[in-house]
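Residue numbers (our numbering): 94 to 525. Here's the structure we're looking at; comments come further down.
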Ligand SMILES: *Cc1c(COP(=O)(O)O)cnc(C)c1O
């Protein structure tokens, strides 16, 4: 499989090169040169496949010969080695729980897949690959955990001091080995601009192979398709496919779902569920795209003003606004409504939503009110314990801490404090 840059000013590359580069030299995002169509038999007999088999069959065409089949089977199996249960909340809405991985958020699958691909590719390289990533919370933990112990790959995570939750901070500062946490005295935007500057710096580019680990990287973006296959596998009424509501920030997750649909997976409709950072719902209402400045909310993993994967959605639909509108409905959900939704769903159905899942639930519920014959699924992207302040206030009781988070609590944080200044980062990277 070849990948081209959406800016069309850079040469096509293989899966391997696109994964190592992250972003194309012309700053464009990579996109597959053709979308593989699924075998009809795979769709009609989906429940005959194990989740490993299914993952392998979906991912293999995107990788081609860059990874041998046996190694790829191991890589996908390790990336998805936890459960993705579909749990009924009520008779119309089910929750696909994507938070059973090691860091309790859906980013685990993409981070684990990408780390293992890079580990595989670094075997025939003499120098190490350095993954540089800025995080506002969930990305850092998933990347730290996913890349821990992968040979030939160093990971450096920048996070804003005092602005991530306690569980999130422990997840990124307690790994050790090849993972380093830089605690930046500034905001998430500062972290992100330091990373962006590093990617453009000639001295650093000559000295080291830097790559990104957010959903810009195809190796993090593409495996997110698998959630939609696991949703359909567990969906009882195969003749009446689900409407799927996706809590969206950078739009990597929903764009992966759309890719699965274009390649033949039956999904009735998509809902792009956003908090007040709603550049894409605005586009769906007006036909005009206008980026915004990010505003903080209680569903902070979706506080994105200019979603980087939106351009991949346009490409997928060949820029045809009417087709996009037929496939996706956008919703904007306030913090007020998010908290009410957590409270109401708990009282009525005893199901505890996290703030991101609550945004999706409200959006889907609104949509289904207008389409009474349809039923749907929300993607529950994080465990509620990652957002204890909001969730506990809404449900009026404390949340049990899952085993995997318990072991973190006794660990000591190790970070390197750094001012929010690119030169400090550059000096640090050169001196390593
Ligand atoms: C990252 C994240 C999102 C947003 O996903 P995108 O792919 O960026 O749209 C939603 N919920 C949670 C909990 C996340 O960590």
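All residues carry an ideal CB built from backbone N, CA and C; glycine is no exception.
Looking at the DSSP output, residue 124 sits in a beta bridge with 97. Here the segment 374-383 does not lie against the segment 490-505, with fewer than 3 beta-carbon pairs under 8 Å apart.
DSSP places residue 188 within a strand segment (E or B) once states are collapsed to three. In this structure, 312 is the residue among 367, 415, 258 and 312 with its C-alpha nearest to the C-alpha of residue 214. With the rule of 3 Cβ pairs closer than 8 Å, the segment 276-283 does not count as touching the segment 150-166. If you check the C-beta of residue 107 against ligand 1, you find no heavy atom less than 8 Å away. Relative to residue 172, the option among 157, 196, 187 and 122 whose CA is nearest is 196.
Taking a contact as a CB-CB distance under 8 Å, the pair residue 99 and residue 115 does not count as one, their CB atoms being some 14 Å apart. Between ligand 1 and the CB of residue 287, the shortest heavy atom gap is not smaller than 8 Å. Between residue 470 and residue 179, the gap from beta carbon to beta carbon is short of 9 Å. Secondary structure note for residue 504: it is in no beta strand (DSSP E), with a DSSP letter that is neither H nor E.
Taking 8 Å as the upper bound for CB-CB distance, residue 108 and residue 169 are not in contact here, some 13 Å apart. Listed in chain order, the non-local C-beta contacts of residue 182 below 7 Å within the same chain comprise 188, 438, 442 and 444, local neighbours out to five positions each way being set aside. Counting the other CB atoms within 10 Å of its CB gives residue 415 a total below 16, which places it among the exposed residues. Annotated as distal: residue 455 and residue 198, with beta-carbon spacing of 9 Å or more.
Excluding five sequence positions before and after residue 267, the CB atoms of its chain that fall closer than 8 Å to its own CB belong to 501, 504, 505, 506 and 507, given in chain order. Secondary structure at residue 477: helix, using DSSP grouped into helix, strand and coil. Boundaries of the alpha helix (DSSP H) harbouring residue 414: 414-420, taken from the DSSP string. According to DSSP, residue pairing for residue 367 in a beta bridge involves 425. Uninterrupted alpha helix (DSSP H) stretches at least 4 residues long and entirely within the segment 209-258 occur at 231-240, given in chain order.
By the C-beta criterion, the segment 340-357 is judged to be in contact with the segment 382-401, since at least 3 inter-stretch pairs fall below 8 Å. Residue 509 and residue 273 have their C-alpha atoms spaced approximately 8 Å apart. Assigned with DSSP and collapsed to three states, residue 467 falls in coil, not helix or strand. For residue 232, the shortest separation between its Cβ and any heavy atom of ligand 1 lies below 8 Å. Between the C-alpha atoms of residue 225 and residue 428 there is a straight-line separation of about 32 Å. Uninterrupted beta strand (DSSP E) stretches at least 3 residues long and entirely within the segment 316-391 occur at 336-340 and 362-367, given in chain order. In the same chain as residue 296, and ignoring 5 residues on each side of it, the C-beta atoms closer than 8 Å to its own belong to 519 and 523, in chain order. The three-state secondary structure of residue 510, taken from DSSP, is strand.
In this model, residue 233 and residue 394 are separated by some 12 Å (Cα to Cα). For the pair residue 358 and residue 436, the Cα-to-Cα distance works out to about 34 Å. Considering only 246, 324 and 229, the residue with the shortest C-alpha distance to residue 283 is 229.
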